[in-house]
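A.B. asks: Under numbering that gives the first Met the number 0, the first residue of the sequence shown carries the number 0, and numbering increases by one thereafter.
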Amino acid sequence: MPESCMPDIPDEIWERIISLLDHDRYLEPLSIVSKTFLSITNRLKQTLTISEPTLHFIPKLFCRFPNLKHISFSNFPGSPDSILHLLSHAHFPLESLDLSNNKFFPSDAIRGLPTSSLSSIRSLKLSKLTVLNDLDLGAIAELMGNLEELDLSDPVDDYNVSGDLDIAGGCLGITDDGVDLLASKLCNLRKVNLSGNYMISDKSVMSLAEKCLNLEEIVVKNCTFVTQNGVGFAFRSCGNLRSVGLLGMDLTVSEISESLACARNLSVLDFSYMDVSDELLFAIAKASIPLKKLTLYHCKDFTFVGVLSLLRSYPSLEYLALEGVYWVSDRSIIDLSKFLRQASTVKLSFCSRLTSSAFFTMLKNCPSLSSLEMEKAGMGQQSFAVSNVYNPGIRALILGSNKTLSNECLEKIALSCPNLELLDISDCPAITRKGIGEIVRHCTRLRHLQMSGCLAIKSLGIDAKLQKLEELHASGSGLNDEGLIVVARKCPALIKLDVTNCSGVTSKGVKEIVYRCTRLREINLHWCRDMGRDIVAWMVFSRPSLRKIVPPCGFVPTENEKSLFLLHGCHVCQP
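#1: Go through its chain and collect everything with a Cβ distance to isoleucine 332's Cβ below 6 Å, but skip five positions before and after it.
#2: Name, in chain order, the residues that DSSP records as bridge partners for glutamate 470.
#3: What do you get for tryptophan 326, buried or exposed, if any count of 16 or more other CB atoms within 10 angstroms of its CB means buried?
#4: Pairs of beta-carbons, one from the segment 210 to 223 and one from the segment 251 to 263, closer than 8 Å: are there three or more?
#5: When we look at the beta-carbon of aspartate 269 and count the other beta-carbons within 10 Å, is it buried (16 or more) or exposed?
#6: Spatial neighbours of serine 323 within its chain, please: CB distance less than 6 Å, with the 5 preceding and 5 following residues excluded, ordered by chain position.
#7: At what residues does the alpha helix (DSSP H) containing tyrosine 272 begin and finish?
#8: Where does glycine 244 sit, in a helix, a strand or coil, going by DSSP?
#9: In this structure, does DSSP put lysine 299 in helix, strand or coil?
#10: According to DSSP, is aspartate 10 part of a helix, a strand, or is it coil?
#11: Measuring only the C-alpha atoms, how far is alanine 463 from arginine 446?
#12: Taking the continuous beta strand (DSSP E) assigned at glutamate 521, which residues delimit it?
#13: Are there any heavy atoms of the ligand MG lying less than 7 Å away from the beta-carbon of alanine 473, as far as the coordinates show?
#14: Out of Phe104, Ser370 and Glu148, which one is the CA nearest neighbour of isoleucine 120?
#15: Three or more C-beta pairs under 8 Å: does that hold for the segment 462 to 482 against the segment 438 to 452?
#16: So which of Phe75, Phe91, Ala429 and Tyr389 has the shortest CA-CA distance to lysine 581?
#17: At the level of alpha carbons, what is the spacing between leucine 295 and leucine 321?
#18: Leaving aside the five residues before and after arginine 241 along the sequence, list all residues of the same chain whose C-beta is less than 8 Å from its C-beta, in chain order.
#19: Kindly indicate which residue of Val275, Asp249 and Pro289 has the alpha-carbon position closest to the one of cysteine 261.
#20: Just curious, the alpha helix (DSSP H) that leucine 563 is in, first and last residue?
#21: Among Cys186, His90, Lys190 and Asp179, which one has its Cα closest to the Cα of aspartate 201?
#22: By Cβ distance below 6 Å, which residues in the same chain neighbour serine 161 in space, the five residues on each side in sequence not counted?
#23: Which same chain residues end up closer than 6 Å to lysine 291 when comparing Cβ atoms and leaving out the 5 residues on each side of it in sequence?
#24: Buried or exposed: tyrosine 389, going by 16 or more other Cβ atoms within 10 Å of its Cβ?
#25: Considering only residues of the same chain and omitting the five flanking positions on each side of histidine 472, which have a CB-CB separation below 6 Å?
#26: For isoleucine 8, count neighbouring C-beta atoms within 10 Å of its own C-beta (all shown protein chains included) and say buried if the count is 16 or more, exposed if not.
#27: If you run the structure through DSSP and keep just helix, strand and coil, what is alanine 286?
#28: Helix, strand or coil for asparagine 390? Go by DSSP, reduced to three states.
#29: Measuring straight from C-alpha to C-alpha, what distance separates glycine 169 and methionine 273?
#30: Can you tell me the Cα-Cα spacing of proline 92 and leucine 67, whole angstroms?
#31: In terms of residue numbering, what span does the alpha helix (DSSP H) encompassing tyrosine 514 cover?
#32: Going by DSSP in three states, serine 415 sits in which element: helix, strand or coil?
#33: Helix, strand or coil: which one does DSSP assign to phenylalanine 554?
#34: Here's a check: name, in chain order, each residue in its chain whose Cβ is nearer than 7 Å to the Cβ of serine 183, leaving out the five neighbours to either side.
#35: Can you tell me which of the three DSSP states serine 106 falls into?
#36: Can you tell me where the beta strand (DSSP E) with threonine 174 in it begins and where it stops?
Printed below as a string of structure tokens:
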């Protein structure tokens with residue numbers, strides 16, 4: 000739109016309107032409308048993910064987006080030091096920094112950041128670092144005194160890297176002393192994830208509980224030496240504690256019940272791979288905490304009676320995960336669902352005794368439900384019929400790996416959930432074009448479709464009404480050129496396409512997609528064989544919106560080609 004054709008509206012009003020958009024991906028199309036919109040969207044962009052394709056453009060990006068608040072290096076393959084050095088001159092109002100999946104915590108580079116940026120950081124993620132130790136925690140405590148959220152989970156602890164002990168300072172891993180130092184200096188901490196740090200003990204939990212008076216969430220999954228003593232102390236001492244995540248811990252009712260009753264603000268309990276007795280569930284029910292979210296992931300030793308008692312005590316529960324529970328059956332779901340009328344998310348995956356009867360019972364009895372997961376169940380079979388099912392509130396269904404999920408069942412789902420936005424039916428071999436055709440005909444709001452491994456689906460069908468579909472994951476499916484042509488013509492909003500290992504896909508179908516889908520940003524053609532070598536260059540030059548291409552078999556770009564493609568804003572890479 001030329002500037003002269005723009006309505007005479009002040010920039011401040013446009014900025015307020017555009018700021019209502021709920022995702023950064025909507026800013027880019029607006030930025031090309033006019034110079035005014037370009038300037039506004041540049042100011043509004045707050046999140047930047049640093050990856051290999053963006054490396055050469057970092058200085059320009061830092062200049063273009065002056066108000067970045069959230070920067071992530073989690074997908075960056077190299078050392079972040081050089082980019083952090085550039086960041087030191089930017090003076091961004093940083094609120095969060097994600098350095099996950101790196102080798103080390105870059106303490107020296109972090110020290111170079113402006114004091115204003117360091118003091119404004121509220122969230123720091125250091126998950127899956129190769130080496131993380133007490134010296135790093137000391138640097139964090141010294142430099143980021145206003146931290147509120149800290150993720151130190153799942154360190155790799157691989158000390159076979161170059162210069163390991165010199166860099167690690169001779170200290171292998173995080174210990175109680177390091178956590179105690181953190182707790183002493185970071186008194187504003189609200190959320191801490193220490194999962195996978197095998198050298199910490201109850202002392203770490205107690206230090207956080209004693210010294211971080213605002214502590215709301217603590218996750219200590221797979222921490223061998225953290226026991227119910229530390230958790231119980233946190234229950235008793237943290238008046239603001241709202242969420243606890245545990246894995247593999249033994250909780251004795253006689254030891255924990257009194258402590259649990261002290262946690263007056265506890266609303267989230269996340270238990271994984273634990274022995275959870277009915278007595279413990281009774282104690283949780285008796286504690287009368289404001290429970291909103293309960294996860295029992297592959298836990299054992301409890302029964303229907305314990306779960307029913309708990310649900311009766313908490314009819315306002317909003318989230319329930321009963322995953323990998325062998326006794327959960329269609330009949331038990333009839334009773335449990337009566338107490339889940341306020342639940343918005345329910346996860347029942349890996350419960351092999353459940354069939355379509357349980358699924359439609361949940362839809363019928365839970366009017367607030369928006370997301371339901373039933374992977375690896377018995378969808379397509381039924382032990383009793385459920386009629387008059389209509390739930391317009393359902394937005395997401397995760398139904399992957401249901402080997403008996405049928406076309407007839409999928410048709411009933413399409414009629415029951417007309418406002419569906421996300422559907423995962425990956426690895427459901429019985430689904431064909433007929434079944435998926437009913438979904439794409441009735442569920443016109445669908446944005447994300449996952450049908451990987453569905454070999455019987457070759458096309459979505461010509462009746463598809465998918466004006467809003469943004470992501471299609473069809474790796475290892477039967478999708479062919481005819482099917483891609485349908486997608487190209489019916490899915491104008493497509494942003495991401497994955498057709499890895501689709502033997503029926505050739506250059507013909509891919510060209511139709513690239514030509515018609517003007518918003519396409521990512522395409523994965525890995526293991527697609529019947530394509531010429533020139534297809535990659537053609538895609539890059541034909542579709543300016545493309546940002547990432549995983550090329551087909553036989554194409555390995557040279558360094559010169561990679562550089563040329565990057566100049567056009569597209570990263571061509573191996574999976």
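All C-beta atoms, glycine included, are put in the ideal place defined by N, C-alpha and C. This structure is a prediction, so every number in the text was calculated from the model and none was measured.
C.D. replies: In short, the structure shows the following:
#1: As a first step, residue 332 must be located in the sequence shown, where it is residue number 333. These residues qualify, in order along the chain: Ala357 and Thr360.
#2: Residue numbering aside, residue 470 sits at position 471 when the sequence shown is read from its first letter. In the DSSP output, where bridge partners are listed per residue, glutamate 470 has His447 and Lys495.
#3: For the purposes of this step, residue 326 is identified with residue 327 of the sequence shown, where counting begins at 1. Tryptophan 326 should be labelled exposed.
#4: no
#5: Your numbering for residue 269 matches position 270 in the sequence shown. Aspartate 269 is buried by the Cβ-count criterion.
#6: The count along the sequence shown starts at 1 and reaches residue 323 at position 324. What sits at residue 323 in the sequence shown is glycine, not serine. Counting only Cβ-Cβ distances below 6 Å, and skipping sequence neighbours, we find His297 and Phe349.
#7: Indexing the sequence shown from 1 puts residue 272 at position 273. First-last for tyrosine 272: undefined, no H or E at that position.
#8: Reading the sequence shown from its first residue, position 245 is the one you call residue 244. Strand, per DSSP.
#9: Locating residue 299 in the sequence shown gives position 300, counting from the first residue. Strand.
#10: Working through the sequence shown from its first residue, we reach residue 10 at position 11. In the structure shown, aspartate 10 sits in a helix (DSSP, three-state: H, G or I).
#11: The residue you call residue 463 lines up with position 464 of the sequence shown. The residue you call residue 446 lines up with position 447 of the sequence shown. Each residue's alpha carbon lies about 13 Å from the other.
#12: In the sequence shown, the residue the question calls residue 521 occupies position 522. Per DSSP, glutamate 521 belongs to the beta strand (DSSP E) from 521 to 523.
#13: Of the ligands one can find in the structure shown there are none, so the ligand MG has no counterpart to examine.
#14: Stepping through the sequence shown from its first residue, residue 120 is reached at position 121. The option with the nearest alpha carbon to isoleucine 120 is Glu148.
#15: yes
#16: The structure shown has nothing for residue 581, since the chain only spans 0 to 574.
#17: Counting from 1 along the sequence shown, the entry for residue 295 is found at position 296. Counting from 1 along the sequence shown, the entry for residue 321 is found at position 322. Between leucine 295 and leucine 321, the C-alpha separation is close to 5 Å.
#18: Here residue 241 is taken as the residue at index 242 of the sequence shown, counted from 1. Answer for arginine 241: Glu215, Glu216, Asn264, Leu265, Ser266 and Val267, listed in chain order.
#19: The count along the sequence shown starts at 1 and reaches residue 261 at position 262. Cysteine 261 has its Cα closest to that of Pro289, out of Val275, Asp249 and Pro289.
#20: Locating residue 563 in the sequence shown gives position 564, where the first residue counts as 1. Leucine 563 -> alpha helix (DSSP H) spans 558 to 566.
#21: As a first step, residue 201 is located in the sequence shown; it is residue number 202 there, counting from the start. Nearest option by C-alpha distance: Asp179.
#22: By one-based count along the sequence shown, residue 161 stands at place 162. Note on serine 161: pLDDT 39, under 50, position unreliable in the model; the coordinate value appears next. Hits under 6 Å: none found.
#23: Counting from one through the sequence shown, the residue named residue 291 turns up at place 292. Counting only Cβ-Cβ distances below 6 Å, and skipping sequence neighbours, we find Ser266 and Glu317.
#24: In the sequence shown, residue 389 corresponds to position 390, counting from 1. Result: exposed.
#25: Start at 1 with the first residue of the sequence shown, and residue 472 comes out as number 473. Closer than 6 Å at Cβ, skipping near neighbours: Gln449, Ser451 and Asp497.
#26: Within the sequence shown, numbered from 1, the residue matching residue 8 stands at position 9. Exposed, since its Cβ has fewer than 16 Cβ neighbours within 10 Å.
#27: To locate residue 286, count along the sequence shown from 1; it is residue 287. Alanine 286: helix per DSSP, three-state reduction.
#28: Locating residue 390 in the sequence shown gives position 391, where the first residue counts as 1. Asparagine 390: coil per DSSP, three-state reduction.
#29: In the sequence shown, residue 169 corresponds to position 170, counting from 1. In the sequence shown, residue 273 corresponds to position 274, counting from 1. With a pLDDT of 45 at glycine 169, under the threshold of 50, the predicted position of this residue should be treated as unreliable, though the coordinate-derived value follows. So the alpha carbons of these two residues sit roughly 35 Å apart.
#30: The residue you call residue 92 lines up with position 93 of the sequence shown. The residue you call residue 67 lines up with position 68 of the sequence shown. Between proline 92 and leucine 67, the C-alpha separation is close to 7 Å.
#31: The sequence position of residue 514 within the sequence shown is 515, counting from 1. Unbroken alpha helix (DSSP H) run through tyrosine 514: 506 to 515.
#32: Here residue 415 is taken as the residue at index 416 of the sequence shown, counted from 1. Serine 415 falls in the helix class under three-state DSSP.
#33: Here the question's residue 554 lines up with position 555 in the sequence shown. Of the three classes helix, strand and coil, the one that applies to phenylalanine 554 here is coil, per DSSP.
#34: Taking the sequence shown and counting its residues from 1, the one referred to as residue 183 is at position 184. Contacts found: Lys210.
#35: As a working note, residue 106 is residue 107 in the sequence shown. DSSP places serine 106 in helix when its eight states are reduced to three.
#36: Here residue 174 is taken as the residue at index 175 of the sequence shown, counted from 1. Run containing threonine 174: none; DSSP gives neither H nor E here.
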